[in-house]
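A.B. asks:
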Amino acid sequence: MTLVALGSLKGSPGVTTAAVGLAAGWPSGGHPVVVECDPAGGDLLGRFRLETDPGLVSLAAAARHRAGPGLVWQHTQRLPGGLPVVTAPAGADQTRTSLAQVTRRGTEVLRWAATRPGTVVIADCGRLDPDSPAAKVIEGADALLLLSRARDDALAHVATRWPAVTQGTRHPYFALVGDGYPTEEVARELGIEVTARLPYDPKGAAALGGRPGRRTTPSRSPLGRTLAQLADHIASLAVAPPQEDTTALRIQPAEHRTDPRTSWSEVSP
């Protein structure tokens with residue numbers, strides 16, 4: 000299996016939307032599941048009007064008493080289109096308590112999800128504060144995708160915290176979101192490879208966010224196509240030779256693609 004963690008250091012650049020889009024664009028043959036690990040609380044439950052149970056709270060309770068490869072899957076719900084998700088409650092206190100239990104033994108519980116080849120756990124870790132209970136997920140992830148807006152305030156946090164956040168991560172990636180400073184300028188000034196630039200795409204973001212009345216299929220939107228390219232790149236880690244530099248690929252907003260993807264017809268009902 001592959002464990003991919005997503006997070007940000009400042010503001011709200013759309014980590015949850017990116018997590019759903021990355022899973023929606025995962026190459027065919029993969030089995031993605033999104034797990035909300037944001038200590039501030041989850042968003043998917045409200046966005047898609049899901050049930051409060053099962054989810055992260057029930058997973059944490061079950062993890063106290065038993066272990067097993069099917070445990071994570073038993074606490075998923077399905078988004079419209081079929082993507083399995085483990086939702087966190089909106090409240091920060093309950094979410095932090097549940098995360099502390101789920102990560103008590105590092106990423107072991109999340110890795111139990113690997114009941115079949117091709118499983119990928121996409122962990123939405125929200126804002127990566129130093130005392131975040133999601134820190135163990137970041138440390139144990141196979142890949143970390145850090146999102147940031149290309150603005151002075153957000154980039155200042157990236158400049159100062161990138162080394163610490165990515166320390167020990169085998170495959171760190173950095174993606175810019177929306178407009179702002181040019182990609183090349185950011186990469187040059189920070190000395191960090193910018194792997195992807197997620198376009199400003201309100202309709203695509205709305206589709207991935209389950210907003211009523213939006214019928215856009217995520218895979219057809221500029222945002223969805225760019226995230227699908229990024230998913231392709233991260234998925235290739237499973238077969239990439241260890242010496243290969245997998246951070247050098249530069250992904251810009253993609254053109255229309257017809258590649259088959261994980262089954263995900265529409266996000267909005």
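Under numbering that gives the first Met the number 0, the first residue of the sequence shown is numbered 0, with each subsequent residue one higher. No residue lacks a Cβ here, since even glycine has one placed at the ideal position from N, Cα and C.
Counting only the same chain and skipping the five closest in sequence on each side, list residues whose C-beta sits under 8 angstroms from that of R77.
C.D. replies: Excluding residues within five positions, the ones whose Cβ falls inside 8 angstroms are P83, V84.
A.B. asks: For D123, write down the residues that DSSP places opposite it in a beta bridge.
C.D. replies: DSSP output for D123 lists L5, E35 as bridge partner(s).
A.B. asks: Buried or exposed: where does R224 fall if 16 or more other Cβ atoms within 10 Å of its Cβ makes it buried?
C.D. replies: Its Cβ being crowded by 16 or more others within 10 Å, R224 is buried.
A.B. asks: Output the residue ranges of the alpha helix (DSSP H) runs that lie fully inside the segment 169-240 and measure 4 residues or longer, sorted by chain position.
C.D. replies: Fully enclosed alpha helix (DSSP H) runs of 4 or longer: 182-189, 201-207, 221-234.
A.B. asks: Can you confirm whether the segment 29-45 touches the segment 125-132 when touching is taken to mean that 3 or more C-beta pairs between the two stretches lie within less than 8 angstroms?
C.D. replies: Result yes; three or more Cβ-Cβ pairs closer than 8 angstroms.
A.B. asks: Going by beta-carbon coordinates alone, are L43 and A230 separated by less than 8 angstroms?
C.D. replies: Not in contact: L43 and A230 (Cβ atoms no closer than 8 angstroms).
A.B. asks: Mapping the DSSP letters down to three states, classify D244 as helix, strand or coil.
C.D. replies: Confidence is the limiting factor: at D244 the pLDDT is only 43, short of 50, which leaves the residue's position unreliable, though a coordinate-based value still follows. If DSSP states are grouped into helix, strand and coil, D244 belongs with coil.
A.B. asks: Taking DSSP as the reference, what is the three-state secondary structure of H30?
C.D. replies: Of the three classes helix, strand and coil, the one that applies to H30 here is strand, per DSSP.
A.B. asks: Please tell me whether L207 and T16 are closer than 8 angstroms, where the distance is taken between their beta carbons.
C.D. replies: Cβ atoms of L207 and T16: closer than 8 angstroms.
A.B. asks: Distance, Cα to Cα, H255 vs R148?
C.D. replies: Annotation note: pLDDT 41 at H255 (below 50); position unreliable, coordinate value reported separately. One C-alpha to the other measures close to 24 angstroms.
A.B. asks: Less than 8 angstroms separating the beta-carbons of V14 and L146?
C.D. replies: Taking 8 angstroms as the Cβ cut-off, V14 and L146 qualify as a contacting pair.
A.B. asks: Return the CA-CA distance between P198 and A204, expressed in angstroms with no decimal places.
C.D. replies: So the two alpha carbons sit approximately 10 angstroms from each other.
A.B. asks: Please report the Cβ distance between H74 and S57, rounded to the nearest whole angstrom; I am assuming they are in contact, meaning their Cβ atoms lie under 8 angstroms.
C.D. replies: Sure, about 5 angstroms apart at Cβ, within 8 angstroms.
A.B. asks: Between R169 and T94, what straight-line distance do the alpha-carbon atoms span, to the nearest angstrom?
C.D. replies: Approximately 27 angstroms, taken between the alpha carbons.
A.B. asks: What would DSSP say about P88, mapped onto helix, strand or coil?
C.D. replies: Here P88 sits in coil by DSSP.
A.B. asks: S218 and K202: beta carbons closer than 8 angstroms?
C.D. replies: Taking 8 angstroms as the Cβ cut-off, S218 and K202 do not qualify as a contacting pair.
A.B. asks: Buried or exposed, going by whether 16 or more other CB atoms sit within 10 Å of the CB of G90?
C.D. replies: Exposed, since its Cβ has fewer than 16 Cβ neighbours within 10 Å.
A.B. asks: By how many angstroms is the C-alpha of T106 removed from the C-alpha of A140?
C.D. replies: Roughly 8 angstroms between the two C-alpha positions.
A.B. asks: According to DSSP, is R148 helix, strand or coil?
C.D. replies: Looking at R148 - three-state DSSP - the assignment turns out to be strand.
A.B. asks: For the alpha helix (DSSP H) that E138 lies in, which residues bound it at each end?
C.D. replies: Looking at the DSSP string, the run of the alpha helix (DSSP H) that includes E138 is 134-139.
A.B. asks: May I have the straight-line CA-CA distance separating L5 from L144, to the nearest angstrom?
C.D. replies: Distance between the alpha carbons of L5 and L144 is about 5 angstroms.
A.B. asks: What is the residue span of the alpha helix (DSSP H) that A62 lies within?
C.D. replies: That run of the alpha helix (DSSP H) goes 55-62.
A.B. asks: Run the CB neighbour count on A163, radius 10 Å, all protein chains shown included, and call it buried at 16 or more, exposed below.
C.D. replies: Under this definition A163 is an exposed residue.
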